[in-house]
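Notes follow the structure.
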Amino acid sequence: MPGNDHFEPSHHLWGREEIDALTLAFAARRPLLVRGEAGVGKSQIARAAAAVMYAGPPLVEVIHPRFEALELLYRFDAVARLSDAQVKDANGQSLLDATNARYVGPGGLWRAFALGRQSKKPQVLLIDEIDKADADLPNALLDVLGNRSFSVPHLKNAQQVVHRVQAQPEHMPLIVITTNEERELPAAFVRRCVVLNLAPPEDEAGFAQWLCQRARVHPNLAELDDTVLRTAAAQVWKDRCEADGAGFPKVGLAEYIDLLVALHELTAASPRGERTAQQLHWLQRLSAYALVKNAKQDQARAPVEPLAATP
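Numbering (the UniProt record's numbering), first residue to last: 1 to 311.
If you want it as structure tokens, here you go:
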């Protein structure tokens, strides 16, 4: 998948559960709520879905603690409006736009509705980390999706009729919502979503295989020797278990990929026959800085020994 302003170039390995959950969400015209720990690949599902649907890059709204529910619909620049109201042109006329059109911009849902209507194909909207917002955001989202429309009270025509944004039912966007479960979402909201619980395997062998499979879909990382992939996976598992046992956030797929990318870059200019040994050397030297992240953890911990390649 190509990169854009929000994402680096990447590849996606589809799982049956992801395909089935997306299929249901699209057919039922319901949001897909993706739960899972940070770095497990929740946001990437929206990118992969957009690529499959030929919808172009997904529209993205990244939620933060100060994000207001209305920002999903539209943005109103009250400061610019106030400034124009206080300034006059050379003829003494106010610069104020009486229609307010200059001060209103579309939010993610508005853009998704409009692009779907223009392109005659559903768009993909990613609402990332919704658990960072107050409960009024998911509740407001439910209301809009139920009506498939919303009003923009700041925009009125000459007859003072409020502008209304309407989605075409056949071009309703596919909305992918992610949560790290830092805050519990309203039960009514969860009930109206299709829910995908995205989690890596909980046993060491399954976890290592899960990591290695995802590394191999990256063209550059697929060049790495199986010994490197498996040893890095074993190191992630070891540090992950120790962090979890101490009550710290767990490392996982994102850190694993970052580590492998670094190993590839550091040895790219080396003779091919020497790369594996050099990568294992760098892995032992550098892995703690990618995988041991809490100040109370010891980054001088002993690294795992290199594992043999799979027969």
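Virtual Cβ for every residue (Gly too), placed ideally from N, Cα, C. Model, not experiment: these values are computed from the prediction.
According to the DSSP assignment, Asn139 belongs to the alpha helix (DSSP H) that extends over 136-147. When DSSP states are grouped into helix, strand and coil, Gly15 belongs to the coil group. Remark: C-beta atoms of Val228 and Leu280 approach each other more closely than 8 Å.
Take the alpha-carbon of Gln168 and the one of Phe113: they are about 7 Å apart. By the neighbour-count criterion, in which a residue is buried when 16 or more other Cβ atoms sit within 10 angstroms of its Cβ, Thr23 is exposed. By the criterion of a C-beta distance shorter than 8 Å, Leu307 is surrounded in its chain by Thr227, Arg230, Thr231, Ala234, once the five residues flanking it on both sides are discounted. By the criterion of a C-beta distance shorter than 8 Å, Asp298 is surrounded in its chain by Val292, once the five residues flanking it on both sides are discounted. Take the alpha-carbon of Gly41 and the one of Asn197: they are about 11 Å apart. Residue pairing by DSSP leaves Asp20 without any beta bridge partner. Here the alpha carbons of Arg111 and Gly245 stand approximately 44 Å from one another. Annotated three-state conformation of Val228 is helix, per DSSP. Counting along the chain, the unbroken beta strand (DSSP E) around Asp128 starts and ends at 124-128.
The alpha carbon of Ser43 has as its nearest neighbour, out of His171, Trp210, Asp128, Ala205, the alpha carbon of Asp128. Annotation note: the region 24-49 contains the following uninterrupted beta strand (DSSP E) runs of length 3 or greater, listed N- to C-terminal: 32-35. Boundaries cannot be given for Leu185, as no alpha helix (DSSP H) includes it and DSSP labels it neither H nor E. Close CB contacts of Gly116 within its chain, under the 8 Å cut and outside five residues either way in sequence, are with Pro122, Gln123, Ala167, Gln168, His171, Met172, Pro173 (chain order). Non-local beta-carbon contacts of Arg275 in its own chain, meaning distances under 7 Å to residues more than five positions away in sequence, involve Thr267 in chain order. In this structure, the CA atom of Ser151 is about 15 Å from the CA atom of Leu142. Within the model, the alpha-carbon separation for Gly108 versus Ile175 is close to 10 Å.
Here the C-alpha atom of Leu13 lies approximately 32 Å from the C-alpha atom of Phe67. Taking a cut-off of 8 Å on C-beta distances, the region 176-196 touches the region 20-38, as three or more cross pairs fall below it. Within the same chain, and ignoring the five residues on either side of Ala188 in sequence, the residues whose Cβ sits closer than 8 Å to its Cβ are Asn139, Leu142. With a cutoff of 8 Å on beta-carbon distance, Leu260 and Leu224 are scored as near each other. As DSSP reads the structure, Arg164 sits in a beta bridge with Ser151. Annotated as distal: Glu182 and Gly39, with beta-carbon spacing of 8 Å or more. In the assembly as shown, Asp136 is an exposed residue. Its beta-carbon has fewer than 16 other beta-carbons within 10 Å.
Using a Cβ distance threshold of 8 Å, Leu125 and Leu59 count as a contacting pair.
In the structure shown, Phe248 adopts coil according to DSSP, grouped into three states. In this structure, the alpha-carbon of Ala101 lies about 7 Å from that of Leu155. Classified as buried, Pro57 has 16 or more neighbouring CB atoms from the shown chains inside 10 Å of its CB. The DSSP-derived three-state label of Lys121 is coil. Val236 places its beta carbon less than 8 Å from that of Leu211. Between the beta-carbon of Pro200 and that of Gly252 there is about 6 Å, and that keeps the pair under the 8 Å contact cut.
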